[in-house]
Structure formats: C-alpha cells, structure tokens
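Residue numbers (the numbering used here): 69 to 588. Quick reminder that beta carbons are idealized off the backbone N, C-alpha and C, glycines included.
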Amino acid sequence: MEILLCFLGNRRISYPTYENMKTELRDRLIAQMADFVAKNALFEKEAPLLVAVSGGIDSVVLCDLLIAQGYKIAIAHCNFSLRGIESDQDQIWVEKFALKNRVPFFSKKFDTLQIIKEQKRKRKDNKEKKQTSIQVIARQLRYQFFLEILEKEKYQHLLTAHHQDDLMESLLLNLCKGTGIAGLRGILPKRPYPSSYFLNQDKSNLEVSNFYAEKNKYYLVRPLLFLNKSHILEYAKKYNLQWREDSSNQTDKYRRNLIRHQVSPILHQVNEKAAAKFAHSAERAAEMEQLFLQHYRFFYKKYVQKTKQFGQTLFKIQYQGLQRSSAPAAILYQLLKTKHFSYHTCQKISNQIKSLQTPLLESLRFESKSHVFLLDKYEIILYPKNSKSSFFVLEKANDKVIFFDKTISTSLISIEKFTASFPAADAPLALFDAAQISFPLHLRLWQAGDSFAPLGMKGRHKKVSDVLNDLKISTFEKNNTWVLLSKGEIIWVVGKRISDLHKVLPTTQTLLAVRIEAEK
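The structure is reproduced here in structure tokens:
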C-alpha cells in the first residue's frame with residue numbers, strides 16, 4: 069500500500085493516500101442528500117414518493133440513491149412519441165429498470181403532435197393568436213399525468229432529477245428573457261405541485277404570494293439540487309449504472325441545449341464551480357424573495373380591499389400605500405402580473421402615482437387584455453373587463469330577479485297602507501306612481517346619450533352623464549351605474565335619481581316599490 073512519508077525530526081509518520089482517505093462515494097452522496105433533504109424539509113423517510121424517470125442519467129442516479137436509502141418509491145414515465153421508435157425504446161427500458169429494482173411503474177404514451185394540431189385548430193376557431201410550444205404542451209401533459217397518479221395511488225410528492233447545472237441554465241434563460249426576483253432564484257427544492265387548474269389556465273390568484281399555492285397537498289421536489297452534472301456522471305460511472313441517451317439533447321435547436329453546449333462550458337472555464345456558485349446565488353435570491361413577499365403581504369393587508377360589486381371581484385388600493393412604498397413597481401407587478409399587466413406597464417403606473425396629487429381631477433386608465441386598472445379620484449380600482457351581464461328584465465309587479473349578488477324586486481303598495489317615509493335619492497329603494505309604469509321593466513347599464521327627467525326638474529330632460537358629473541362620483545362608480553326603464557324611458561338612475569315624470573303624486577292610488585337588496 070502506498071504511503072506518504074513525513075519526517076519531523078527523527079519521527080516518521082505515515083498517512084493513507086488520498087484515494088484511501090476518500091469516503092466511499094455512495095455513502096458520501098447519501099449523507100449529502102440526507103442533509104439537503106433535512107435542511108429543506110423535502111420529505112419524510114416513510115413518505116411514498118413518485119419519481120419522474122426519463123431513462124436519462126440524472127433520473128437513474130436519483131432512483132439509485134433513493135433505493136440505496138430504503139425509500140418507498142414508484143417510477144412514472146411519459147412517452148411523447150416525438151422521436152419515433154427511440155421514444156418507445158425509452159419506455160421499454162424504463163419499465164425494465166423499474167422491474168429490476170422491484171418498484172411500481174406507471175407510463176403513458178401521448179400522440180403529442182396530434183394534440184398540438186387539435187389545439188391549433190381550436191385556437192384558430194376561437195381566433196386566438198397565441199401559440200404554444202411543444203415543450204409547454206409536453207410539460208402540461210406530463211404534470212397532468214403525474215397528478216393523476218399522485219391522486220389515485222396516494223403518493224405525497226413527485227420527485228424530479230433537476231441538479232445545479234439545470235438551475236444555472238434556468239437562471240441564464242430567465243435573464244435572457246428578462247426577469248424579476250422569482251426568476252433569479254430559479255428552481256426551488258420544493259414547491260406545491262401545479263394544480264389541474266394551473267396546468268390548463270393562466271396563473272391567476274392575486275391573494276397568494278406563490279401562484280402554485282392552492283390548498284395543494286402534493287409537492288414537486290428536486291432532491292438533487294445539491295449536485296452538479298460532473299458529480300452525477302462520476303457516480304454513474306463508478307457504480308456501472310446504465311441509462312438512455314436522448315438524441316434531442318445533442319441538438320442546439322432548443323434554447324436550453326444551446327446554453328448547455330455553448331455557454332455553460334465557458335462559465336465553467338471562468339470558474340470550475342460555476343454551477344455551485346449559481347446555486348448559492350439562487351438560494352440568496354430565494355431569501356430576498358421571501359423578504360419582498362413579506363413586505364407585499366403587509367402592503368396587501370393594509371392597503372388593498374377585496375370586494376364584490378354587481379358580480380365583479382374588485383380590488384381597491386389606497387394611493388398612500390404605493391406612494392409610501394420603496395418598491396411600488398414591484399408591488400404593482402406582484403399584484404397585477406396574473407391579470408396580464410407587464411412590468412413595463414407597472415413602471416409607468418408607478419411613475420404616474422409618484423407625481424399625482426389626490427384627489428384627481430380626471431381619472432387615468434390602464435388596460436390589459438382582461439382587466440382595467442383605474443386611477444380614480446380618491447382610490448385605485450382593479451376590475452375585470454366585460455364581466456357584467458348587460459340586461460335584466462322584471463316581467464310584472466311582485467316579480468323578483470337575481471341581480472348579480474343581489475336581488476331586484478317589485479311590489480305594489482296601496483297608498484293608504486304606506487306609512488313609511490319616502491326614501492332618499494341615493495337609497496336602494498325607489499317609489500313610483502304605479503299608474504305611470506308599464507311592464508316589463510328593463511335594467512341595464514347606462515349608455516352614452518341616455519337622458520331622463522330628474523326629480524325636481526319639472527319634466528325637463530337632462531343627460532345621465534351630466535347628472536352623474538353633478539353628483540361628483542368616481543369614474544368607476546359612473547361606469548357601473550344602472551338605469552331602470554319602462555317603455556324605453558328611464559324611470560330610475562339606480563341609487564341616484566328617479567324620474568320626475570313617474571314620481572308619486574297627491575293623486576297616486578298605488579305605489580310601485582322597486583327594491584335592490586342583498587340576496588338571502
């Protein structure tokens with residue numbers, strides 16, 4: 069056995085060589101994985117785990133390390149039929165790998181290109197311009213299939229074999245596209261599993277800091293993020309593991325491959341530990357993200373009010389919250405990104421708010437494809453476009469219809485039995501001379517050009533827009549003002565003014581009461 073000799077005076081001391089001092093590689097990586105799992109609270113030892121296995125070296129090494137530690141695992145594989153017989157051979161190989169290791173196996177074959185054709189046809193029929201890449205479609209199919217297994221077989225987590233080089237590539241891709249703090253922290257070791265809703269829809273939940281958090285009991289876990297690719301290759305070779313090579317990984321057609329083949333090698337020349345350094349930087353960015361989200365949650369709780377009006381979910385934001393914030397554009401983007409507002413638009417809004425003096429003389433309006441962000445007189449309002457039904461009908465007296473989250477009802481009251489005081493102009497109740505009213509009554513949003521004879525103007529007509537301006541109400545309230553019509557004439561600007569031509573007179577025998585109230 070080789071020894072190193074060290075002479076200190078007359079003393080001769082022998083040490084083992086480096087090769088003999090090395091801890092067994094598998095034991096060392098198992099210990100490192102155990103530390104990583106514990107540090108990030110990834111999963112419990114007894115947890116049933118589903119592992120996504122392509123057949124490549126990364127997922128094979130992940131399975132080997134898990135099996136060596138005695139974890140209860142199952143293997144899931146997707147065949148996207150994109151590489152012909154090679155895809156089928158991958159599926160057969162992974163099934164044999166699972167059989168050899170005596171673990172449950174699940175697989176599904178997709179005709180991915182046909183699915184893409186069908187989606188293109190649907191988009192064309194719906195006149196949608198947005199195109200979806202093969203990678204995005206494959207990811208949706210994959211996660212949906214894995215979710216079905218998690219739910220049916222009661223596995224707690226889906227494990228994937230992402231490592232530090234994958235993290236570095238993701239950060240570089242994000243930087244090339246332009247990114248915020250979430251893009252700088254890249255791949256997380258653990259996050260809630262994408263729900264069925266997320267897989268098929270836009271990310272859309274204003275109230276949560278992480279759009280995946282949807283009372284989700286499953287998690288997506290990456291237990292190899294403590295390793296880089298060279299460690300994985302070293303491990304696979306040392307223990308004579310077999311794996312499949314995906315031929316599509318050799319082409320630079322895909323952006324990730326281009327970075328992997330052309331950019332990453334240069335970064336490793338700059339620093340041979342580049343992947344680890346990127347991972348450490350991402351970890352720091354993740355901590356900074358948590359600090360920002362803590363600030364955002366404080367802002368949301370103090371300055372944002374969520375409410376419902378006429379069936380719409382509204383968000384009302386106080387000006388002072390954004391004016392006092394040290395990062396108003398970032399706050400706005402966190403609030404608005406799920407509503408299709410760009411960061412550039414959030415910067416424009418932020419710059420406007422900084423220079424505004426409230427109350428505003430005129431409102432400012434910003435729109436995305438789905439929402440309106442209105443800088444109104446005293447407050448900021450976010451609301452969806454075109455979400456309101458435009459027409460309601462009351463067929464007869466003593467009728468009732470659902471009016472969003474309220475009801476609107478009519479009733480006849482004999483003047484002799486009416487003992488209450490007359491309602492104020494802005495009350496949700498209006499009284500008319502029933503003899504002047506003809507059914508059916510129509511309820512709709514007011515329109516440009518609408519006019520009526522407001523109470524007190526002795527029959528003279530005035531534009532509804534002028535009445536609303538005289539009341540000095542906000543732009544949002546103007547846009548959401550309804551009118552009630554009889555025989556095409558406006559008898560009530562709801563909650564604002566009734567018509568002088570339909571008012572209760574000394575000669576009135578029967579009252580028509582129209583009431584709007586919360587649905588019971």
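Inter-residue Cα distance where the pair is residue i and residue j
{"i": "Asp158", "j": "Asp314", "result": "9 Å"}
{"i": "Gln358", "j": "Gly389", "result": "20 Å"}
{"i": "Asp53", "j": "Tyr303", "result": "In the structure as shown, the chain starts at 69 and stops at 588, and residue 53 therefore has no counterpart that could be examined."}
{"i": "Ile399", "j": "Gly563", "result": "35 Å"}
{"i": "Gly248", "j": "Glu557", "result": "54 Å"}
{"i": "His230", "j": "Ile470", "result": "52 Å"}
{"i": "Trp161", "j": "Thr180", "result": "20 Å"}
{"i": "His336", "j": "Met101", "result": "24 Å"}
{"i": "Ser298", "j": "Ser175", "result": "29 Å"}
{"i": "His145", "j": "Gln208", "result": "14 Å"}
{"i": "Val551", "j": "Val532", "result": "9 Å"}
{"i": "Val592", "j": "Lys453", "result": "Residue 592 is absent from the structure shown; the chain starts at 69 and stops at 588."}
{"i": "Leu274", "j": "Lys168", "result": "Low local confidence applies: a pLDDT of 33 at Leu274 is under 50, so the model's placement there is unreliable, and no value is given."}
{"i": "Leu580", "j": "Leu428", "result": "39 Å"}
{"i": "Leu226", "j": "Leu218", "result": "8 Å"}
{"i": "Arg355", "j": "Ile421", "result": "A small correction: the amino acid at residue 355 is Glu; Arg does not occupy that position in the sequence shown. Between Glu355 and Ile421, the C-alpha separation is close to 29 Å."}
{"i": "Thr319", "j": "Gln377", "result": "54 Å"}
{"i": "Gln402", "j": "Leu499", "result": "46 Å"}
{"i": "Gln182", "j": "Tyr364", "result": "43 Å"}
Range of the contiguous beta strand (DSSP E) that encloses residue i
{"i": "Ser175", "result": "173-177"}
{"i": "Arg583", "result": "578-586"}
{"i": "Ala498", "result": "497-501"}
{"i": "Ile385", "result": "380-385"}
{"i": "Leu480", "result": "474-482"}
{"i": "Tyr592", "result": "A question about residue 592 goes unanswered here, because the residues of the chain that appear run from 69 up to 588."}
Proximity below 8 Å, CB of residue i to CB of residue j
{"i": "Pro522", "j": "Val461", "result": "no"}
{"i": "Ile584", "j": "Pro491", "result": "no"}
{"i": "Pro260", "j": "Leu293", "result": "no"}
{"i": "Thr381", "j": "Lys374", "result": "yes"}
{"i": "Ser458", "j": "Leu513", "result": "yes"}
{"i": "Pro262", "j": "Tyr211", "result": "yes"}
{"i": "Gln504", "j": "His439", "result": "no"}
{"i": "Ala343", "j": "Asp233", "result": "yes"}
{"i": "Val105", "j": "Phe111", "result": "yes"}
Reduced DSSP secondary structure (H/G/I, E/B, other) of residue i
{"i": "Val162", "result": "helix"}
{"i": "Phe294", "result": "coil"}
{"i": "Lys369", "result": "helix"}
{"i": "Lys140", "result": "coil"}
{"i": "His231", "result": "coil"}
{"i": "Ala120", "result": "strand"}
{"i": "Asn147", "result": "strand"}
{"i": "Ser519", "result": "strand"}
{"i": "Lys374", "result": "strand"}
{"i": "Leu167", "result": "helix"}
{"i": "His225", "result": "strand"}
{"i": "Phe471", "result": "strand"}
{"i": "Tyr303", "result": "helix"}
{"i": "Tyr364", "result": "helix"}
{"i": "Leu239", "result": "helix"}
Residue range of the alpha helix (DSSP H) that includes residue i
{"i": "Thr180", "result": "180-193"}
{"i": "Asp103", "result": "93-107"}
{"i": "Gln337", "result": "332-338"}
{"i": "Arg253", "result": "249-253"}
{"i": "Tyr211", "result": "202-221"}
{"i": "Tyr401", "result": "396-404"}
{"i": "Arg324", "result": "323-326"}
Closer than 7 Å: residue i CB and nearest the ligand NAD heavy atom
{"i": "Lys405", "result": "Among the components of this structure there are no ligands whatsoever, and the ligand NAD is therefore not found."}
Entirely within the stretch 409-469 and at least 3 residues each: give me those beta strand (DSSP E) ranges in chain order. List check, beta strand (DSSP E) in window: 432-435, 439-443, 448-452, 459-462.
What are the complete alpha helix (DSSP H) segments, minimum 4 residues, inside the stretch 536-574? Whole alpha helix (DSSP H) segments, 4+ residues: 543-547.
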